[in-house]
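Line order of the protein sequences matches chains A and B.
Sequential numbering of the first sequence, starting at 1, is according to this note's numbering.
Sequential numbering of the second sequence, starting at 1001, is according to this note's numbering.
What follows is a single structure, written as structure tokens, with notes after it.
Number of protein chains: 2
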Amino acid sequence: MSNYDLKQEVTDKYSLRGRVFNKLRADILSGKYKDHEELKEVAIGEELGVSRTPVREAFRQLELEGLIQIIPNKGAYVTGITAKDVQDIYMIRSLLEGLCARWATEHITEAQLEELEENVYLADFHASKGHLDQMADLDNRFHHILYEACNSRQLERLLVDFHEYVLRVRKKTLSNGGRGKISNDEHRQIMEAIKDKDGGRAEELAHEHMINAYDNMVKNGLYHIYPMEGEESLEMEGRDKP
Amino acid sequence: MSNYDLKQEVTDKYSLRGRVFNKLRADILSGKYKDHEELKEVAIGEELGVSRTPVREAFRQLELEGLIQIIPNKGAYVTGITAKDVQDIYMIRSLLEGLCARWATEHITEAQLEELEENVYLADFHASKGHLDQMADLDNRFHHILYEACNSRQLERLLVDFHEYVLRVRKKTLSNGGRGKISNDEHRQIMEAIKDKDGGRAEELAHEHMINAYDNMVKNGLYHIYPMEGEESLEMEGRDKP
DNA sequence: CTAGGTATAATTGTATGCAATCATACGATA
DNA sequence: TATCGTATGATTGCATACAATTATACCTAG
């Protein structure tokens, strides 16, 4: 995986609850826990070397993210994620990324615009060199700048969430063929539309960018639902297990 | 308030945690807790007559909904909701309701379509009679049918969530002037577009319907952010407080 | 042999205790 | 007087104990 770390994990990374949450989410999205599988508090707790309390708190959050369903007094059941979910999310994202680009056009600061330009410029360089990790970082960063620039807490929260989600089921999308270069060209167009204060064009370009990304991902089989491959293991590092 | 109950509260209503969650969310959205106010576990717990455990679990969920921010080892702080949040949500919703209508056109069942027709027909009657509560129920139900009909877990989850959200800050939007009638006319047009299998038109109509609803709400000052008025009190009914 | 019921086990829901962390106040020192 | 350090209190993080609920197994009656 790349060395890019989202600035804020959805929940804090250093509490037990946060680590349980992130681990379980990763395990669900990566397919370790199968659809409809029951998650038992004590079992999870023992596996991770923690008590039921942080496990329960993590469950509550996973439920709100739609990854598990909790039936009161019965149990927590994995909801999994299907290929259709991924497709739907990309379609939803394509609309929202468009809206985001439009709003960003109206609200972006000079500093943010400059960072966008620098991002595109740098990505051009790394694309030519085939530096995949850096490309992935810059891609993530590009979108996050727009999320911030759109000046909407609500939209930013949604998009950050979806982006997170997608990162987990996506293999290195940019690593194949010329998509890295093409993707960055699309970034450049978006950036220039924003620079020109052409919100409508920015919206349309961002919209298409997302659809292209999805098409490319599907066409090349670059995403998994339940891969079972040795993804980054998200171990509970730094804690002694009794 | 109307006698309409969302089929599923976001979290179950009869556990202590669920009641704490719903109560806190309502109190935040209704303005009982002001922006940046700190929520203390013991204080909330004592107020509601429960221990810290269910309060903590409710906090975790409220954090994910963006209503509070939890700073590890420090505390939970209310994020509140601003007029801009409401506006943004309506703009986001207008896009997603459009997408929902389009997808619903492709996936709606005969039974669902029939319920839509019945809904519009009935609403016409109640509109002429000025039955506000029934109008509100039918309005909610109309949208929920579409949420189900769109055949997308992801989109449904988002829209149900936003709808819930909006219900809390909205006074009786349909109660004024002729909006009830007009709104139902828009519903009819959407329904007919879906019946005609014209997804594009359904999308556009649903999109505009939402923008109209927002405009009407704002123009008439029919929503509140921090009202302090005697909203339904969402008491923790059915539990003895020691 | 099956249906129903009861006892028992397993699991979740809640409360509480203890440890860790953070805020505050007070005092010592420059 | 200002600043740093320490002590104390408040608050959260986690673990565990107990209560309530649900699932399972076994036994009995028909």
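Here a beta-carbon is modelled for each residue, glycine too, at the ideal position from N, C-alpha and C.
Since the model is a prediction, treat every value here as computed from it, not as a measurement.
- Per DSSP, G45/A is one residue of the alpha helix (DSSP H) stretching across 41-48.
- Counted as a single uninterrupted DSSP element, the alpha helix (DSSP H) harbouring G199/A occupies residues 199-219.
- For R157/A, the nearest CB of chain B lies under 9 angstroms from its own CB, placing it at the interface with that chain.
- In the structure shown, G1031/B adopts coil according to DSSP, grouped into three states.
- With its beta carbon at least 9 angstroms from every one in chain A, M1217/B lies outside the interface.
- Where G180/A is concerned, there is no enclosing beta strand (DSSP E), although the alpha helix (DSSP H) around it starts and stops at 179-195.
- Contact check for T1105/B and I1194/B: beta-carbon distance about 5 angstroms, within the 8 angstroms limit, so the pair qualifies.
- In this structure, the alpha-carbon of F1125/B lies about 13 angstroms from that of A1136/B.
- If you ignore the 5 residues before and after E1063/B, its C-beta comes within less than 6 angstroms of the C-beta of I1070, all in its own chain and listed in chain order.
- Assignment of I1145/B by DSSP, reduced to helix, strand and coil, places it in the helix class.
- Only residues of its own chain outside the window of five on either side were considered, and among them L1096 have a CB closer than 8 angstroms to the CB of L1158/B, listed in chain order.
- Under the Cβ criterion of 9 angstroms, K1084/B is counted among the residues facing chain A.
- R1060, Q1061, E1063, L1064, E1065, G1066, I1070, I1071, P1072, N1073: these are the residues of the stretch 1060-1073 of chain B whose beta carbon lies less than 9 angstroms from some beta carbon of chain A, given in chain order.
- The residue among D1185/B, V1042/B, A1083/B, V1218/B with its C-alpha nearest the C-alpha of D1139/B is D1185/B.
- In this structure, E1041/B and R1056/B form a Cβ contact; the two beta carbons are roughly 6 angstroms apart against a cut-off of 8 angstroms.
- Residue-level contact by beta carbon holds for Y1014/B and chain A, with a gap shorter than 9 angstroms.
- Below the 9 angstroms Cβ cutoff, chain A contributes G66, T79, T82, K84, D85, D88 as neighbours of R1153/B, in chain order.
- Annotated as distal: I89/A and F142/A, with beta-carbon spacing of 9 angstroms or more.
- Setting aside the 5 residues that flank it on each side, V120/A is surrounded in the same chain by N184, H187, R188, M191, each with a C-beta closer than 7 angstroms to its C-beta; the list follows chain order.
- Judged by DSSP in its simplified three-state form, G1080/B adopts coil rather than helix or strand.
- Annotation: G1199/B to L1099/B spans about 9 angstroms, alpha carbon to alpha carbon.
- Identification of chain B residues near M91/A by a Cβ-Cβ cut-off of 8 angstroms yields L1099, ordered along the chain.
- In terms of Cβ geometry, S1128/B and K1181/B form a close pair [threshold 9 angstroms].
- From the beta-carbon of E1057/B, the residues of chain A found nearer than 8 angstroms are R56, E57, R60.
- Here V78/A really is in contact with H36/A; their C-beta atoms are around 6 angstroms apart, less than 8 angstroms.
- For I71/A, the uninterrupted beta strand (DSSP E) run begins and ends at 68-71, by DSSP.
- If you draw a 10 Å sphere on the C-beta of H1107/B, you find fewer than 16 other C-beta atoms in it, and that means exposed.
- Beta bridge pairing from DSSP links G75/A with I71/A.
- Y165/A carries a helical assignment under DSSP once its states are collapsed to helix, strand and coil.
- DSSP, read as helix, strand or coil, puts Y223/A in strand.
- Linking V1218/B to R1052/B through their CA atoms gives a straight-line distance of about 39 angstroms.
- Going by DSSP, E1114/B is part of the alpha helix (DSSP H) stretching over 1110-1129.
- In this structure, L1146/B is the residue among I1081/B, L1146/B, N1073/B, M1091/B with its C-alpha nearest to the C-alpha of A1111/B.
- Under the three-state reduction of DSSP, E1038/B is assigned to strand.
- Taking the CA atoms as reference points, A1076/B sits about 8 angstroms from F1059/B.
- Inclusion of V1169/B and L1029/B in the CB contact set at 9 angstroms is warranted, their separation being smaller than that value.
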